[in-house]
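Input: a single structure, listed below in structure tokens.
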Amino acid sequence: MNPSSATPPAVRVENLTVRRRRAVLLDSLDLTADRGVHGLLGPNGAGKTTLLRVLATVAAPSSGTVELLGRTPSSPSARTAVRRRLGYLPQQFGHYPRFTVRELVAHLAWLKEVPAARVPAAVERAVDRVGLADLLDRRMRTLSGGQVRRVGIAQAIVNDPELLVLDEPTAGLDPEHRAEFRALLRELGREAAVLVATHHVDDVAAACDRVTVLERGRRVVECTPAELAAAAGAETGGDDHGGGPAERGYTGVLHRFRRDGAVTPVPSPADAGATGTTETEGASA
Amino acid sequence: MSRPADPSAAHGLRRVPGPRHVHARDADAYAGGGLPEADAWRLEKHLESCGECALLVSDAVRATSVAPVLADLRAALLAAVPVAPAEERPPAAPAAEPARPAGPGRTAPARHAPRRPRPRLRLRRPVAGSARTGPAARAGRAAAASFGAVPALRAAWAASLAVAAVAAVVSARLAGFDGARPLLLAVAPLLPVAGVAVSYGRADPMHETVAATPSGGLRLLLVRTAGVLAVCVPLLTAAGLLLPDGVGGPGAAAWLLPGLALTVATLLLGSFTGCAAASAATSALWLLGLACLGAPSVPGAAAAPGGSAAVLRTALETSLGTVLSGPGAQAAWAACGAVCAVLLAARRTAFDRLERM
Numbered sequence: 001m002n003p004s005s006a007t008p009p010a011v012r013v014e015n016l017t018v019r020r021r022r023a024v025l026l027d028s029l030d031l032t033a034d035r036g037v038h039g040l041l042g043p044n045g046a047g048k049t050t051l052l053r054v055l056a057t058v059a060a061p062s063s064g065t066v067e068l069l070g071r072t073p074s075s076p077s078a079r080t081a082v083r084r085r086l087g088y089l090p091q092q093f094g095h096y097p098r099f100t101v102r103e104l105v106a107h108l109a110w111l112k113e114v115p116a117a118r119v120p121a122a123v124e125r126a127v128d129r130v131g132l133a134d135l136l137d138r139r140m141r142t143l144s145g146g147q148v149r150r151v152g153i154a155q156a157i158v159n160d161p162e163l164l165v166l167d168e169p170t171a172g173l174d175p176e177h178r179a180e181f182r183a184l185l186r187e188l189g190r191e192a193a194v195l196v197a198t199h200h201v202d203d204v205a206a207a208c209d210r211v212t213v214l215e216r217g218r219r220v221v222e223c224t225p226a227e228l229a230a231a232a233g234a235e236t237g238g239d240d241h242g243g244g245p246a247e248r249g250y251t252g253v254l255h256r257f258r259r260d261g262a263v264t265p266v267p268s269p270a271d272a273g274a275t276g277t278t279e280t281e282g283a284s285a
Numbered sequence: 001m002s003r004p005a006d007p008s009a010a011h012g013l014r015r016v017p018g019p020r021h022v023h024a025r026d027a028d029a030y031a032g033g034g035l036p037e038a039d040a041w042r043l044e045k046h047l048e049s050c051g052e053c054a055l056l057v058s059d060a061v062r063a064t065s066v067a068p069v070l071a072d073l074r075a076a077l078l079a080a081v082p083v084a085p086a087e088e089r090p091p092a093a094p095a096a097e098p099a100r101p102a103g104p105g106r107t108a109p110a111r112h113a114p115r116r117p118r119p120r121l122r123l124r125r126p127v128a129g130s131a132r133t134g135p136a137a138r139a140g141r142a143a144a145a146s147f148g149a150v151p152a153l154r155a156a157w158a159a160s161l162a163v164a165a166v167a168a169v170v171s172a173r174l175a176g177f178d179g180a181r182p183l184l185l186a187v188a189p190l191l192p193v194a195g196v197a198v199s200y201g202r203a204d205p206m207h208e209t210v211a212a213t214p215s216g217g218l219r220l221l222l223v224r225t226a227g228v229l230a231v232c233v234p235l236l237t238a239a240g241l242l243l244p245d246g247v248g249g250p251g252a253a254a255w256l257l258p259g260l261a262l263t264v265a266t267l268l269l270g271s272f273t274g275c276a277a278a279s280a281a282t283s284a285l286w287l288l289g290l291a292c293l294g295a296p297s298v299p300g301a302a303a304a305p306g307g308s309a310a311v312l313r314t315a316l317e318t319s320l321g322t323v324l325s326g327p328g329a330q331a332a333w334a335a336c337g338a339v340c341a342v343l344l345a346a347r348r349t350a351f352d353r354l355e356r357m
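Dropping the structure here:
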């Protein structure tokens with residue numbers, strides 16, 4: 001994390017609330033992310049996908065401020081400008097079964113306005129980075145679920161985005177490829193602000209610079225993976241089901257949040273914004 | 001790309017060196033230019049018909065120092081001939097692999113030029129460099145991929161289109177069904193409208209991914225609509241031309257302007273409601289209009305002999321005659337389409353609407 005003073009952060013979210021009918025999906029959430037890998041953790045229904053969809057300029061916030069790459073994506077022109085520098089892997093990455101990998105990624109490169117002359121090279125590079133170079137001309141329908149997921153990652157990075165939004169990129173990947181993917185994540189984090197939602201706490205511990213834990217649309221804690229792991233020692237409420245320190249820290253923090261409605265951050269350095277919201281639980285139900 | 005570490009060894013051992021197949025030793029000698037001329041000719045003759053040996057020889061040539069030169073030559077050739085490589089791209093090689101110098105430049109002397117073991121090579125080993133060569137090929141490829149999305153999306157739609165065209169022709173030509181022309185004209189404008197519905201928006205499996213791209217709005221919708229029309233218009237017009245001549249009545253191309261106008265109207269309506277609902281609405285309006293215009297002729301037709309099929313046909317011909325026949329009707333459709341197009345241009349940002357949760 002080294003936000004330069006001149007440029008605005010890649011993602012600045014303040015007081016973001018998203019409602020669907022009566023339900024509150026995100027409840028006055030604050031989040032700032034800059035270059036680096038930012039992990040989003042949380043149980044199902046915590047609001048990870050909703051947050052990422054807002055950050056990917058697909059869904060509209062009900063209220064609050066969203067600023068992406070220095071722009072507010074509320075007008076179509078600003079949205080288009082942001083989208084040129086955006087990569088997005090949705091949770092449901094549909095595909096066209098009869099396309100080859102190359103065609104599918106090239107199609108997305110075209111949609112992202114990558115100059116036509118650069119498309120073939122960009123496609124090959126992106127597919128190579130996710131380790132599918134030898135499947136470039138295979139039809140999508142012949143790929144396994146994990147391979148489709150990796151094509152999804154390839155299309156997200158084909159335009160060398162400055163803001164990369166990945167919703168469960170490791171779902172369906174086998175352990176070997178997850179390890180490779182973490183390395184890729186770290187690499188991507190050097191050039192872009194990467195936001196990753198995942199259920200694999202290990203991925204976060206291995207690849208992320210910052211972690212935000214969400215629960216019921218609210219932020220439980222924002223810290224570094226090391227601090228999350230340190231919470232494993234501080235918190236005693238977590239189920240003792242094994243798992244790495246990060247995972248125990250995560251369950252411990254969640255447990256505490258559910259019980260107390262707030263989590264004071266772990267022995268945190270001078271990160272003033274890391275405190276969880278202090279509202280009482282149940283407001284969002 | 002799993003290949004034997006030393007292909008020539010593999011081939012050489014497997015092939016009992018009979019008089020016909022090329023021995024690895026000879027392949028190397030040939031590649032190095034050290035094979036006596038008579039042997040070289042015999043070898044080349046054999047290569048014309050034997051992919052395995054051709055592969056063996058090309059591997060041998062690839063191992064020599066001329067490989068980079070050949071790669072460049074191939075790249076230049078591909079750049080000069082942009083169409084051929086775009087047709088059928090062979091399976092890809094890892095980016096790290098050097099470009100395979102296929103084609104005329106494979107063997108250095110000019111006389112070897114025609115002996116290229118092409119098909120086999122293409123199957124086995126792709127040309128890594130080809131994708132990066134030739135700006136025209138690249139651009140063509142990108143465009144093909146984007147336009148290619150159109151047919152790939154909708155097997156069901158393409159099938160119904162084909163069925164409509166073929167059924168009309170077959171029923172009229174073979175079964176002597178004289179209602180084929182009015183039926184085809186009544187259905188034809190609906191097919192592009194349906195094509196739009198199934199190719200954009202929620203019907204698109206990549207909808208969510210596409211929605212986050214800068215071109216995912218009206219631009220993509222127009223490209224896909226163009227693809228739909230590019231399939232529909234020739235096919236349905238050809239089907240209409242293949243039908244037996246009707247007695248008077250609108251011609252085979254009479255549906256074109258209404259079809260276009262309804263399609264643009266669908267796009268315009270779709271900027272408010274989404275394409276699927278818009279498509280349903282315009283289709284319903286078209287059918288309702290035909291029904292209303294045809295209804296007055298029903299009593300007269302019912303009095304005449306011929307049963308209910310004849311009544312329907314008379315009604316359909318009446319309404320189609322009103323809607324399609326004559327410069328006035330066609331001009332009205334053209335005007336309608338133009339107005340919708342202008343309004344659509346004004347609504348161009350509406351397709352990049354953020355989803356309200």
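If you're matching them up, the sequences are chains A and B in order.
Everything in the first sequence is counted per this note's numbering, starting at 1 for the first residue and increasing by one.
Everything in the second sequence is counted per this note's numbering, starting at 1 for the first residue and increasing by one.
In this text, a Cβ means the ideal position worked out from N, Cα and C, and glycines have one as well.
Spatial distance of residue i from residue j (CA atoms)
i       : j       : result
P61(A)  : L26(A)  : 9 Å
P76(A)  : T349(B) : 6 Å
A183(A) : V204(A) : 12 Å
H107(A) : T212(A) : 33 Å
R190(A) : C208(A) : 11 Å
M140(A) : R150(A) : 11 Å
P192(B) : A156(B) : 13 Å
R133(A) : A126(A) : One point to set straight first is that residue 133(A) is Ala, not Arg, in the sequence displayed. Cα to Cα, A133(A) sits roughly 9 Å from A126(A).
L343(B) : V13(A)  : 36 Å
S319(B) : P189(B) : 14 Å
A329(B) : P205(B) : 38 Å
D260(A) : P8(A)   : 35 Å
S171(B) : F177(B) : 5 Å
V61(B)  : D26(B)  : 12 Å
A345(B) : D59(B)  : 57 Å
A109(A) : K48(A)  : 26 Å
L242(B) : P327(B) : 23 Å
V323(B) : V58(A)  : 42 Å
Below-8 Å beta-carbon distance, residue i vs any chain A residue
i       : result
S215(B) : yes
L185(B) : no
E208(B) : yes
L220(B) : yes
L354(B) : yes
R120(B) : Here the model assigns R120(B) a pLDDT of 36, short of 50, so the residue's position is not dependable, and the following value carries that caveat. So no, R120(B) is outside the interface.
L123(B) : In this prediction, L123(B) has a pLDDT of 34, which is less than 50 and means its spatial position is unreliable; nothing more can be read from the coordinates.
Bridge-paired residues (DSSP) for residue i
i       : result
R218(A) : E215(A)
R98(A)  : According to DSSP, which records beta bridges pairwise, R98(A) is partnered with nothing at all.
G39(A)  : V196(A), V211(A)
G87(A)  : L164(A)
L31(A)  : V13(A)
Contact set between residue i and chain B, taken where Cβ atoms lie within less than 7 Å
i      : result
A56(A) : A212
T80(A) : P214
CB contact below 8 Å: residue i versus chain B
i       : result
L111(A) : yes
A60(A)  : yes
T7(A)   : no
P214(A) : The sequence shown places Leu at residue 214(A), not Pro. Judged by the 8 Å Cβ criterion, L214(A) is not in contact with chain B.
L108(A) : yes
R84(A)  : yes
Chain A residues whose Cβ lies nearer than 7 Å to that of residue i
i       : result
T349(B) : P76
Cross-chain neighbours of residue i in chain A, by beta carbon under 8 Å
i       : result
P205(B) : G94, H95, Y96
Chain-ordered neighbours of residue i on chain B, where CB pairs are closer than 8 Å
i       : result
Q155(A) : T209
Closer than 7 Å: residue i CB and nearest the ligand NAD heavy atom
i       : result
V105(A) : The ligand NAD is not part of the structure shown, which contains no ligands of any sort.
CB contact below 8 Å: residue i versus chain D
i      : result
A46(A) : Looking at the structure shown, chain D is missing, and the protein chains on hand are A and B.
Residues in the region 86-104 of chain A having any Cβ partner in chain B nearer than 9 Å: L86, G87, Y88, L89, P90, Q91, Q92, F93, G94, H95, Y96, P97, R98, F99, T100, V101, R102, E103, L104
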